[in-house]
Amino acid sequence: MLMAKMLPRTLPVMLSGEDISRLLAATRNIKHQVALTATRMLWPIGSTEF
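In the numbering used here, the protein residues as written are -4 to 45.
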């Protein structure tokens, strides 16, 4: 029987407001910008709940 290698669990990376602004500025496709903006509005900076 093959066993899967267990990887250590890590916390998600929290982006700063500046990082999010740079990410949105680098996105050229309007659909991608809308998706990122909607996601940003759902999880505010510093939120720990998912």
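Just so you know, even glycine gets a beta-carbon here, dropped at the ideal spot from N, CA and C.
Closest by C-alpha distance to residue i, when choosing among the options
i: Arg17; options: Met(-2), Val8, Leu31 and Arg4; result: Leu31
i: Gly12; options: Thr5, Ala20 and Leu6; result: Ala20
First and last residue of the uninterrupted alpha helix (DSSP H) at residue i
i: Thr34; result: Ile25 to Leu37
i: Ala21; result: Gly12 to Ala21
Residue j beta carbon less than 8 Å from that of residue i
i: Thr34; j: Gln28; result: no
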